[in-house]
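Residue numbers (our numbering): 55 to 165. All C-beta atoms, glycine included, are put in the ideal place defined by N, C-alpha and C.
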Amino acid sequence: MPFDSQQFSEDVYALVRLVPRGRVCTYGAVAKALLEPSRSRLVGWALNRCPDDVPAHRIVNRNGVLTGRQFFGGDTMRVLLKEEGVAVKEHKVVDFKNVFWSPIEDMSCED
DNA sequence: TGAGTGACTGTAA
DNA sequence: CTTACAGCCACTC
C-alpha cells in the first residue's frame, strides 16, 4: 500500500500522546516506532499541524533542544516541560539522556 | 515543473 | 555532549 502522510500524522499524534509526564521523546524515536525511521522530518511536519490534545512540547530533537519552541510562541514549551518536572536550560533539556523516553520500550507487548 | 525550505537523523571525528 | 557531512521527503512558491 502507498505511503499515506495523513495516516502517518495520525499515528504520530497517537504515539506522542503516549509519552509519560515528565519525560520527553525525539522525532527519530517516534519515526522508528512507526516503522518509518527515514521519515523523521515528517514527524516534525506533522507536529506543526497537530491538534491541541497532543503534548508536542514533549518532543525535542536528538540533542535535547526544544527546536519547536518557536511554534508554541514565547517560552511556552519550556514552561510546560518545567511544569511536568523536566528541567530545561535556555532551550535544551537538562540531563536529556535521563528524561528521554523511548516509545518502542513501551511497545514490548504490543501486537 | 523545479528549486528552496524545514519542529530531523545516523555516522564519524 | 558537539561539529560536520550526507540522506531524507512533503510542502510552498
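- Taking 8 Å as the cut-off, the beta carbon of Leu-88 is found closer than this to the beta carbon of Val-66.
- Per DSSP, reduced to three states, the secondary structure at Val-108 is coil, with no helix or strand assignment.
- According to DSSP, Ile-113 shares a beta bridge with Cys-79.
- Per DSSP, Trp-155 lies in no alpha helix (DSSP H) segment and is marked neither H nor E.
- Counting the other Cβ atoms within 10 Å of the Cβ of Gly-118 gives 16 or more, which makes it buried.
- In the DSSP secondary-structure assignment, Val-70 is not bridged to any residue.
- Remark: three or more beta-carbon pairs, one from each stretch, lie closer than 8 Å, so the segment 143-162 and the segment 78-87 are flagged as touching.
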